[in-house]
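The opening residue of the sequence shown carries number 6 in our numbering; numbering runs sequentially from there.
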Amino acid sequence: MSDKNDNNKTSYIRTMKSILFSLISIVLALLFAVIFVMISTKTGFFESAKILFTSIWEGSFGDKDTLAETLVFVTPLLFTGLANAVAFKTGLFNIGVEGQFISGMTGAAIIGLIPGIPHVLHVILIILGGIICGGIWAGIPGFLKAKSGTNEVVSTIMMNFIAMYLLNYLTMFPLNDSGQAQSLEIQESAKLARILGQTNRTSSALILGLILVFVMYFFMWKTTSGYELRAVGLSPLAAEYGGISIKKNIILAMVISGAIAGIGGATHVAGIQYKSIQLFGFPNFGFTGIAVALLAKSNPIGVIFSSILFGALDSSSLTLQMNGVPKDIVYLVQAIIILFVAGDGIYKIIGDKMKKRREVKVNE
């Protein structure tokens, strides 16, 4: 009983340390942002801080309409942040979440055009299409990693470009809408419901994303399969020694990660865009999802809060510009947060090495 209490206490302390470090990272990033606002607006520290924080608040939570638009930014980050978190927990760097999100968009753009399907069934097919497209797109690099040791970073980067160019081809040719840089609009039966009224773009995809967060938390922490994924991420050699299949769990983690990203892409088309649009660059939902997962320490519940933060920053960029602050400040804050979060990992590595050296000296 005592050992169990000690383990719970240790786990609690570790969790609180992670939360505290994430909060410190956010505060320091915002302080750096204030300094850059001082430079760009030529105002004092407190005036610059007022401009920055007022702009972020008014541009993201100021009224019902801005809140609704912020939730539009938050929704895809819930999916991509969660997708990255699953991969990170298994010790994988799935930089291909961007491509898996796009492949989900492709699947939705195709399935959404099929006429004569009842609304509920059509929405289910859209989501299943996203799961299949995203799962396959991530499963290929996962299979290559498991069977031949191919680096998942390299293979998923390549898959990102293939996904983008495939979407562009389908958008501009088979699915094209009268020579425009977009596909035909999906059927009414394929569209997700707007949850804050028809004048706002927030769709039921937000609710689906929140449900999926709690489902994945239960899966990762309360099931045998989730335990195996986390064990592989913590120590592949120890997991293999304990009878856990490394190859199986690498493929499983990648497929789950890709499926979640695919759902995000599919619901983005079905809930917001209603069509696929030619991409001249990556939409960056997957790449921002990396930052979301890092700040959340790969905890599904933490993904909710970090996606709200990053969604609010993205949503407030226009208000920042209107107040004379370059919108690049948003990307600066995001980048600094990532640096500080990464610094936490470096600190742990250095700390572990110093601890081992002290233990060696004591033994000598």
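In this text, a Cβ means the ideal position worked out from N, Cα and C, and glycines have one as well.
Going by beta-carbon coordinates alone, are residue i and residue j separated by less than 8 Å?
i	j	result
V196	A266	In the sequence under discussion, the amino acid at residue 196 is Lys, which differs from the Val named in the question. In this structure, A266 does not lie closer than 8 Å to K196 by Cβ.
W142	G104	yes
A90	A301	yes
A244	I191	no
I296	G139	Here the sequence assigns Ala to residue 296, which means Ile is not the residue at that position. It is not a contact, given that the beta carbons lie outside the stated cut-off.
G144	I256	yes
S208	I277	yes
K94	G238	yes
S250	A88	no
L323	G67	no
L172	L284	yes
L57	A34	no
F287	M169	yes
A258	A92	yes
N328	S60	yes
S23	I342	no
A151	K252	yes
L234	N205	no
F50	G291	no
Spell out whether any CB of chain C is found under 8 Å from the CB atom of residue i.
i	result
E52	Looking at the structure shown, chain C is missing, and only one protein chain is on hand.
According to DSSP, residue i sits in a beta bridge with which residue or residues?
i	result
N181	S188
I132	DSSP, once it has assigned bridges, lists no residue as partnering I132.
V208	Per the sequence shown, the amino acid found at residue 208 is Ser instead of Val. Looking at the DSSP assignment, S208 forms a beta bridge with R199.
Please check the pair residue i and residue j, which I expect to be a contact at CB under 8 Å, by giving their CB distance rounded to whole angstroms.
i	j	result
V338	L325	Actually they are not in contact, since the Cβ atoms of V338 and L325 sit about 10 Å apart, beyond 8 Å.
S188	S108	The Cβ separation is near 15 Å, so there is no contact.
G134	A271	6 Å
V260	L83	About 19 Å separates the two Cβ atoms, so there is no contact after all.
P305	M177	With 8 Å as the limit, P305 and M177 do not qualify as a contact, their Cβ atoms being about 37 Å apart.
V42	V330	6 Å
A317	T85	With a Cβ gap of about 16 Å, A317 and T85 do not count as contacting.
I136	I268	6 Å
S194	H273	With a Cβ gap of about 18 Å, S194 and H273 do not count as contacting.
T80	L211	5 Å
F78	D319	5 Å
What do you reckon, is the C-beta of residue i under 7 Å from a heavy atom of the ligand NAP?
i	result
L149	Within the structure as shown, the ligand NAP is missing, as the structure has no ligands at all.
Point to revise | Unbroken stretches of the alpha helix (DSSP H), 4 residues or longer, contained in the segment 49–120 | key: 50–66, 69–94 and 102–116
Check your understanding: Of all the beta strand (DSSP E) runs that stay within the bounds of the segment 238–271, which reach a length of 3 or more residues?
Key -> none
Exercise for review: Kindly confirm or deny that the segment 161–180 and the segment 93–103 touch, where touching means at least three C-beta pairs closer than 8 Å.
Suggested key: yes
**Study point:** contact_flag[the segment 312–319, the segment 219–237] where n(CB pairs < 8 Å) is 3 or more
**Key:** no
Exercise for review: For the segment 268–345, list the alpha helix (DSSP H) runs that are entirely contained and at least 4 residues long, ordered along the chain.
Suggested key: 290–300, 305–320 and 322–327
Review point. Taking only runs of the alpha helix (DSSP H) that begin and end inside the segment 214–239, which ones reach a length of at least 4 residues, in chain order?
Key: 229–239
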